[in-house]
Structures are given as structure tokens and as C-alpha cells.
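S.K.:
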Amino acid sequence: MIDATRPVTKLPTLRIRGIHVVVGAVLILLGYLVVVPLVLLVLSGFKETGFIFDAGFTLRHFIEIYVDARTYELILNTLVFATGSTLVSLCLGVMFAWLTERTDLPFKTATRISLILPMAIPGVLLAVGWVLLASPRIGMINRIFVTLFGGDPLVDIFTMSGMIFVQGLSFTPTAYLIVSPSFRRMDPLLEEAAAIFGANLFRTLRHVVIPLLLPSILAAGAMVFLVSLVVFDVPGTLGMPSRIFVFSSEIFAAASAPLGVPEFGRIGALSTLFMFFTFTLALFYNYMTRRASRFTTVTGKGYRPKLIELGRWKMFALAVIIFYLALSLLLPFVTLLWTSLLPFYQPFSWDALQMLSFEGYRTTLSLTRVHLALSNTFVVVVVTSMVVAIFSTVISWLIVHSHPYARRALDLLSFFPLAIPHLMLGLALIYVYLTLRFLPIYGTVWILVIAFVTTYIAFGTRTTNAAMFQLHQELEEAARVSGASRLRAFKEIIIPLIVPAMLNVTIWVAAHSMRELSASLMLRTSKSVVISTLIWEFWAEDSATTEAAVLGIVMILILLLLTVVGIIVFERTSRVRSSRPRRTVEPDLRNTLSVEHPSP
Amino acid sequence: MLKVEGLWKTYTVDGGEIPAVRGVGFTVETGEFFTLLGPSGCGKSTTLRCIAGLEVPNSAEITLDEIDLFSSRQRRSVPIHKRNIGMVFQSYAIWPHMSVYDNVDFPLKVKGIPDRREKVMRALELVGLHRLEDRSATDLSGGQQQRVAIARAIVMDVDLLLFDEPLSNLDSKLRIQMRFELRQLQKQLGITSIYVTHDQEEAMVLSDRVAVMDDGHIVEVGKSQDIYLKPRKLFTAKFVGQSNLLSCEVVSVDGVNATVKTVIGEITTGAPDRSASSEGFLMIRPEHIPMSWTQEELPSSDVNVFEGTIISETFTGKLVDYRVRVGEFTFEVQTPLHHALQKQNRVFIQLPPERCVMLAKDTPGTS
């Protein structure tokens, strides 16, 4: 019997329902996190001194940028760097995806996992590793070359091509991860059809496979390009010493001007210009992922894709992969390890071998600065990753359940941070918390937590959206009809089913907030130092190479562990998901693919 | 007893309003098995979901056993989780992270009911799954998952059971078996039930009464036999089963029989009990038309006998489908096998008056 004594709720249309309050609150929170910093940053570009509470507006900064020849050099440098690193990582990523998904390459599982592992090496450490290997003055390769053959150093990493090379290596796993699912899901019938008509391997690849995969390749390209435009650690490590500036390093330099007040007005104007590009790219990326998912839909039929036989190319392909892993993982890691075990940096020699010891680890890890950085990092990583996982889940649930307009707003607001360069977000947060002083968190680690939650919410919601849309709506409705309230159904049905995705987000965000070195540099104070900024500081002091290497090794080991756990969780998630009925996906939200986004 | 009055529901899609249900009303007696039958997009599932509370109607008066579930007039709505109904979904909606037992136990658990184990086991026994209680729900076959869903819906003493095309994801053999089991179970428990389907055979087998829906309206409500044999609306005749429809005009009515004029000549029909209009359609089902090679072999050789030509013959297994041309009209005729394999094309068919149903032209929007 219906409990007639219970008060019946009034008609929902006549009253503001609980869900509307929640949607409103989340929208306001997202707006506060995403929109407020952006508005302040843009506003500061129109102010004489860059301080937003100054009276009057000016176009002076924009005009100065416009007439300054350096601006165009900066744009050119940035474009060359971004295009170059995108091409390198895309070519490698697509080749590796095709090899591991469509051919009879041996040791496939091991290869797949190894190709993701370079993600565990943050860009700054890869760059440092390559400085130690290929700097003209101290680089091991050059020192050995000069000793053996005399003459000039063989390679110089402090060049544009050096930057492109290192950044390309670093982004390859990202490109690989975005592209490989569509290689896996592509209907092999199309390939077979082409083969039946007598096309050979390379013609099949060129005329059938590549055109079909173009949307997902372009999506990966747009993503990597976007991140290459805003990335700071490689251009900061390799470009700044030889005065090759791109947008991010220029803004970093302008913001950390050694003399007087940073040129906030100029920075604001530059950032405004720059974000115009990144937002355009982000929208293009959004559009391409939508198309990519339309082209390579899973048919649901079980099939075993026919694998292309590599024949005598098999060993060659394997050699290429091993060579890539050597360049992007092993050589830099071993070099860092070598450095960390020596009191001062020197190339390989018998004398050096005698000096190896863990002394560097002992002294470095007993420094007070290091202790502070470790505990700060721990707080930031744990809080950020949990908050992002929970907040993303709530946002995704609301996206599924709310009114179309609210849904659109939630989706866009949670996606936008992808297009905000971390450096600029860091800067913007300085504006926010120096000018609006109601939250006294400037200079503490909590401002880092806010910065990271803002940027990583984009990745978090992409992942939880995908998981949420794969849950059939009737699973929740069945709980409601069974007598569970909205909250209870969310707690007992939705959360347990979405936990794998939440774990995924937690691990990814933990790894990325640990290695982040852009916003954290901008927001760095002596109190809010974290491992990544401390590595940067040690590296910047010429005499502290060993300390930088020691912390680098510690960080890489933690990241490797997190990456491996992440891979295991991801494998388990995709297995569980496939056995579940699916929620009908609305077309405009189908772009919420769960792809690994790289950390700018 | 469930009573639905004036149910309207529109969806907003891309800024436009799309009406899904337009003023539906019906009454389901206590213990009755009532089916909403119609093509996809006719609003039957939306109607069911409004009763469950999963959708909020634009306006409606829905009462269950004298209590308002939803009332526009009184501006009241009982939230979904307090309506005390059971529902079986098309996708089964079995929670994959729970065991069979936990799935069925869930409704009892959220309501804090004592002695749950006994109730869960009784429900599982009713659907024949009591030996699988510890299994993970995802390890079951489709048919077993649907049984879990049914057990979950009946584990509470619910006032109303709702079925949203629960059998359409099963294969055809299993579907037929489940129909009978479902019918038996419902009779045994005596719970008022509403069933949504687009499968007319399913509707016939299961229901006490059937409501035929089209385009957001209820076209007609009746006992399943009447819906098939004596439809009152053209849409019903077309949607439920196969039918021959001849446009006709009433010539005379003599109390027991009526005579109508059609393209193939005059036809005698049973009395047009309520058809006030003089124009309309004459409907006869293909399997109700006797066919023979000579006029004498027909059951009663004097009324409504027509000579025709077989233009096609299709063997379907149990029956043979013929298309028989009579004048300007082509009849669909279904006969058992023994008629087949005759070389001759000339045949006689008969339209038994008691099987001829006179239907008015449908005027959409009034029902």
C-alpha cells in the first residue's frame, strides 16, 4: 500500500526541485573556478599597469605587442615548435598504434605497456636527461665523441630541433593512446575488402586505413598541437638557456622578471591573444573526437581482426620500437640515475665508476626544503585527485540528468580548462587571490589544489562522462522504482558502477598533479614548494645537479608505479564495461571519449 | 484499481515541443492484466513511465486504489520511490555489481523491511531461480536475467506491476515460453498489471484487455479476442493481424444482416451494430476466407461467393498465403496446406457474413 500519511511532494513543475539547486551550485562553482580567472586575466591586458582595479582602460599593451617585431618571432617560434613536435609524436604514435593493433608484431602486450611507460617521465626530466646526454658542453654523447674523434661537439640539444626532438618523444605515448583505440575498433572487413581487390600492404594503408582513421588522427593531432602550444617544461629547460623563446617561456620570463614588478599588462594582452588560438583548437578537437567516434563505432559483433603479416619487417619494427624506448625512457633514465649517484656530473669513465654512492640521496633527502616539498606534494596530490574524481562524477551525473541547457553549460564549462595554459591559469589565480582577498590562500598549497582541480576537471569529466553514458539509464530507474531515493540510487547503484572510472581519474590526476610544472612554478613561494618546482630550482642552481637528479629519480619511480597501477585499473575497467548493457547515448554528448589527455 | 485521466506529455527537443502522449485515459481493474499495444513511437512507453513516475506528465490525474499518484488539479505528485510499484524493464536493468540475491533484496533493503531472506527466496522460487541466489547477476543468460528482474519487481507486496517490453530482447522460443510463465505468475499473484508491447501476439496471449495506441492516443480498448475478431477502428484492423479492407457503402440494413456495395459487388455482412455512418470499410481476416476449386465445396455456397484468380502462392510452413484477384480487388487468403499444389488458377472464395466487420473511416484525434 502507498503510505498515505506521508506528505506528498508538490508538483515538481511548480517548485524548485533539489536537483536544480545542485545544478545551480555546481555551475556557480565551475564558473568561479574557470571563468573568473580568465576574465581577470583578459581584463588585466586592458589596464595600464595590469592591475584590474586601476581606473580606465587602455589598448596600449595590445598596440605594443602588435608593433613589436619580437611578437612575430615569438609566434613563428611557437608555431615551428608546436608543429614540429606534433608531427614527430603523431608519426611515431600512428606507426606504433598500427603495429600493435593491426599487425602480427611479437610481444604485443609487453610492447603496448612499454609504449605507455614514457608517460611516467615528466617533460622537464626528459629534457634534463637530454641536456646531460647532448649538451655541447657537458653532454655525455658529445664528451665521448670529442674524446674519441676530437673536433666540435656532435649534437646540440639547446636548439629548436633539440626541443622538437625531446617534446616529440615526450608526446608520442599521448598520440599513441588517442589513436590506438580506433585502430583496434576499425572493422577489419574494410581492410580485407581492399586486399581482395589486390591492393598490397602499403596501398591498403594509404587508401583505406589512413582515410578511415583520419578523424581520430586529426583529433590526436589537434590535442598534441594544443598541448605543444602551451607546454612549458621542455621549452623552459632547453630553449631559455639559448634564448629561443616560445609563448609559454616568454610569459614565464615576463612574469618572473628579476627587476621590479612583472609586466602584468603585457602578460595579460599576450595571454588573451594566445588563448584565442587555444580555444579555437579546443573546439576543433571537440569536433574531431565527435567525428572519430562516429566513424569507428563498435559494431557489437565479435570478430577477430585479421592481422597483417609483417614477415621480414617484423624484427625491423621491433628494433624501431626498442630504439624509441631507448631514446625516450632508458637513456634519459640511466643518465639521471648515473648523475644522482655522483657528487658532481661527469660522463662515464672508470674513475667516475669508483665514485658512485648513495651519498647524494642521503644528503638530498635530509634537506628541510625536500621534506617540505614532499609533504606539500603529498597533500596536493591526494586532495586534488580525490576532489577531481568526486567532482567529475557529480558533474557527469548532472549532465545526464539535467535540462538540455544546463547540460550544455556544464559540459562546456568543464571542458574549457583544457584550453587554458597552466602558466596562465597560475598567473590568473595570482590575480584572483591577490585582489579578492576573501580566501587567504595565496602562497599556500591550497592555491595549487585550486589550480590543479580547475585544469584536471576537463580530463576527469571526459572520463566519467564516458563511463556514465555507458551505464544504461534503466539501471538507475530500476532502483528508483524499487523504492530508493535519488541520493540512495546514486550511492548504491551509480557510484559502485562508476568506481573503476573514478579510480582511473584518481590515478591519472595524481600522476599529473605530481609532475605539473607550470602553474606550480607561477604559484611557487617558499612555503608552497612541491617536488616538481624543487627539481626546477635545483636544476637552475648550477651546483645542485645531483640533488635535481636524485629528486627526479624519486619522482620517476613514483610515477612509474602509478602508471603501472593505472594500466592495470584501465584494463580491468574496459573488461567490466563490455559486459554491461549500454545507455543510449545522445549524439551531442557522444564526443566524451575516454582518452588520456597529456599534461601541459 | 488504477485510473488514468487526461494524460498529456510533451518532450522538448531542440527547442521544439514534441507531443508524445495526447490526452490518454483508461481504467485498470484490480488484478487485471492490461496491455498497451501499438507501433513504436505511439506513446505507450511514455504512458507507462508517467505512471511509474519516471516521467513527469504535463497534466494528468493518476490514481491507484483511490490515492492520487499524480494530480494536476491538486498539484500533487507522489515521488517515484514512494509509489509502491514494481517494474520490469526492456534491458532487464540487473545491477551488475550485485549477486542475484542482492538484486532481489534491494527493494526490501531500502524500505527497511524485516524477515527479508524469506521473502527474497519466495520471489526467487516463483521465477525458478532459487538455486542461483549466489551467482553474480552478470553470469546469467538473458532469460535468467529477466527472471531476476521479475523477482525483483514482485518481491515487495506491490500495488501495481509495470512491464516495459520485457520480452523483446529474448530469442523467439524463450519469448513464447516466458509469455505463458508471466501470465501464470500474474494470475497466481493477482497483482494489477500494465504491459507495454508492440507485439500483438504477446498482447493477445497475456492480456485480459488490450488498449491499442497510435500517435499519442488510445484508439480502442477491448478484450483481446474482440480486438482481433471485432475491431471497431480501422487502425486496429490494420495494426493487429493481417486484414483485407474493402471500401464500401451501406445499401440496406435488415436487423440481422446488412448489405453493402463494394468494387467487387454487393456483400452481405453481419449487422453493423454501431456504425452510424453509411460509408466505411469492410474488413475480413485472410484466415477466415474459405477457398475452393469448385463453388460446391464451400461451407455454405449461397452467400458472398466470388470467383477469382490466384496471382501468387507463398508457402510459409504452417499455412499457405495466396493472393487472389477478384475483379479490381486483391484478397489475401490464408489456408492450410491441403489446398496447395493445384495447377488450377481459377478459384472460388467466400466471405462469411459473421466474419465481415464493417468499420467507419477513422477520424484521427477522437477516441
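Here the protein sequences line up with chains A and B, keeping their order.
Numbering of the first sequence is given in my numbering, commencing with residue -9 and proceeding in unit increments.
Numbering of the second sequence is given in my numbering, commencing with residue 906 and proceeding in unit increments.
Cβ atoms here follow ideal geometry from the backbone N, Cα and C, with glycine treated the same way.
Bear in mind the structure is a predicted one, so any value in this text is a computation, not a measurement.
Just checking my contact of residue 519(A) with residue 26(A) at CB under 8 Å: how many whole Å lie between their CB atoms?
M.R.: About 26 Å separates the two Cβ atoms, so there is no contact after all.
S.K.: Could you check what DSSP says for residue 1166(B) in three-state terms: helix, strand or coil?
M.R.: If DSSP states are grouped into helix, strand and coil, residue 1166(B) belongs with the strands.
S.K.: Express the C-alpha separation of residue 220(A) and residue 1102(B) in angstroms, rounding to a whole number.
M.R.: Their Cα atoms are separated by approximately 56 Å.
S.K.: Against residue 1343(B), what residues of chain A qualify as contacts under a CB-to-CB distance less than 7 Å, listed in chain order?
M.R.: Outside the displayed range of chain B (906 to 1272) lies residue 1343(B), so it cannot be described from this structure.
S.K.: Determine the direct distance from the alpha carbon of residue 416(A) to that of residue 215(A), and round the result to whole angstroms.
M.R.: Computed Cα separation, rounded: 21 Å.
S.K.: Which same chain residues, not among the five before or five after residue 1049(B), have their C-beta less than 8 Å away from its C-beta?
M.R.: Closer than 8 Å at Cβ, skipping near neighbours: 1034, 1037.
S.K.: Applying a beta-carbon distance threshold of less than 8 Å, which residues of chain B neighbour residue 530(A)?
M.R.: Result: empty, since nearest Cβ-Cβ is about 50 Å, beyond 8 Å.
S.K.: Check residue 43(A) in the structure and name its three-state DSSP category.
M.R.: In the structure shown, residue 43(A) sits in coil (DSSP, three-state: anything other than H, G, I, E or B).
S.K.: Let me make sure I understand the geometry here. Which of 1073(B), 950(B), 949(B), 990(B) has the alpha-carbon closest to that of residue 968(B)?
M.R.: Nearest option by C-alpha distance: 990(B).
S.K.: Is the separation between the beta-carbon of residue 375(A) and that of residue 553(A) shorter than 7 Å?
M.R.: Not in contact: residue 375(A) and residue 553(A) (Cβ atoms no closer than 7 Å).
S.K.: Around the Cβ of residue 1119(B), are there at least 16 other Cβ atoms within 10 angstroms (buried) or fewer (exposed)?
M.R.: The residue in question, residue 1119(B), is buried, as its Cβ has 16 or more Cβ neighbours within 10 Å.
S.K.: I want to see whether chain B comes within less than 7 Å of residue 487(A), judged by CB atoms only; does it?
M.R.: At least one chain B Cβ lies under 7 Å of residue 487(A).
S.K.: Using 8 Å for Cβ pairs, my map puts residue 1065(B) next to residue 907(B). What's the rounded Cβ distance?
M.R.: Correct: roughly 6 Å between the Cβ atoms.
S.K.: Consider the Cβ of residue 957(B): report whether some Cβ of chain A lies at a distance smaller than 7 Å.
M.R.: Residue 957(B) counts as touching chain A.
S.K.: Could you tell me which chain A residues have their CB closer than 7 Å to the CB of residue 985(B), listed as they occur along the chain?
M.R.: What residue 985(B) touches in chain A: 470, 471.
S.K.: Within the 7 Å Cβ cut-off, does residue 1016(B) reach chain A?
M.R.: By this cut-off, residue 1016(B) is an interface position.
S.K.: I'd like the span of the beta strand (DSSP E) that includes residue 1149(B), first residue to last.
M.R.: It spans 1149 to 1158 - the beta strand (DSSP E) in which residue 1149(B) sits, taken as one unbroken run.
S.K.: Assuming residue 1190(B) is part of the alpha helix (DSSP H), what are its boundary residues?
M.R.: First-last for residue 1190(B): undefined, no H or E at that position.
S.K.: Tell me the DSSP secondary structure of residue 1161(B) in three-state form.
M.R.: The answer is coil: DSSP assigns residue 1161(B) none of H, G, I, E or B.
S.K.: Buried or exposed for residue 291(A), going by 16 or more other Cβ atoms inside 10 Å?
M.R.: Low confidence applies here, because residue 291(A) scores a pLDDT of 39, under 50, leaving its location unreliable and the question unanswered by this model.
S.K.: Hey, is residue 1026(B)'s beta-carbon within less than 7 Å of any beta-carbon in chain A?
M.R.: Judged by the 7 Å Cβ criterion, residue 1026(B) is not in contact with chain A.
S.K.: Report buried or exposed for residue 641(A), applying the criterion of at least 16 other Cβ atoms within 10 angstroms of its Cβ.
M.R.: Chain A is shown from -9 up to 590; residue 641(A) falls before or after that span and cannot be answered.
S.K.: Here's a check: name, in chain order, each residue in its chain whose Cβ is nearer than 6 Å to the Cβ of residue 1149(B), leaving out the five neighbours to either side.
M.R.: Around residue 1149(B): 1189, 1236, 1237.
S.K.: Please work out which residues of its chain come closer than 6 Å, Cβ to Cβ, to residue 1233(B), disregarding the five sequence neighbours upstream and downstream, and give them in chain order.
M.R.: Result list for residue 1233(B): 1168, in chain order.
S.K.: What separation, rounded to the nearest whole angstrom, lies between the Cα atoms of residue 402(A) and residue 490(A)?
M.R.: Each residue's Cα considered, the two are about 24 Å apart.
S.K.: Can you tell me which of the three DSSP states residue 222(A) falls into?
M.R.: Coil, per DSSP.
S.K.: Would you identify the three-state DSSP class for residue 1211(B), choosing helix, strand or coil?
M.R.: Here residue 1211(B) sits in strand by DSSP.
S.K.: Please return the same chain residues whose Cβ sits closer than 7 Å to the Cβ of residue 441(A), not counting the five positions on each side in sequence.
M.R.: Closer than 7 Å at Cβ, skipping near neighbours: 415, 416, 419, 509, 513.
S.K.: Taking its Cβ as the centre, do 16 or more other Cβ atoms sit within 10 Å of residue 425(A), making it buried, or is it exposed?
M.R.: Answer is exposed; the Cβ neighbour count stays below 16.
S.K.: Among 465(A), 473(A), 542(A), 551(A), which has the Cα closest to the Cα of residue 500(A)?
M.R.: Measuring from the Cα of residue 500(A), the nearest candidate turns out to be 551(A).
S.K.: When the Cα of residue 1052(B) is compared with those of 937(B), 1005(B), 1012(B), which residue comes out closest?
M.R.: With distances taken between Cα atoms, residue 1052(B) lies closest to 1005(B).
S.K.: Please report the distance separating the alpha-carbon of residue 1073(B) from that of residue 996(B).
M.R.: So the alpha carbons of these two residues sit roughly 9 Å apart.
S.K.: So what does DSSP say about residue 937(B), is it helix, strand or coil?
M.R.: Three-state result, residue 937(B): coil.
S.K.: Give a yes or no on whether the minimum CB-CB distance between residue 1002(B) and chain A is below 7 Å.
M.R.: Taking Cβ atoms only, chain A reaches closer than 7 Å to residue 1002(B), which makes this a yes.
S.K.: Please report the straight-line C-alpha distance between residue 1068(B) and residue 1117(B), rounded to a whole angstrom.
M.R.: Approximately 16 Å between the Cα atoms of the pair.
S.K.: For the stretch 1025 to 1058 of chain B, which residues have a beta carbon sitting closer than 9 Å to at least one beta carbon of chain A?
M.R.: Against chain A - using a Cβ distance shorter than 9 Å - the residues of the stretch 1025 to 1058 of chain B are 1043, 1054, 1057, 1058.
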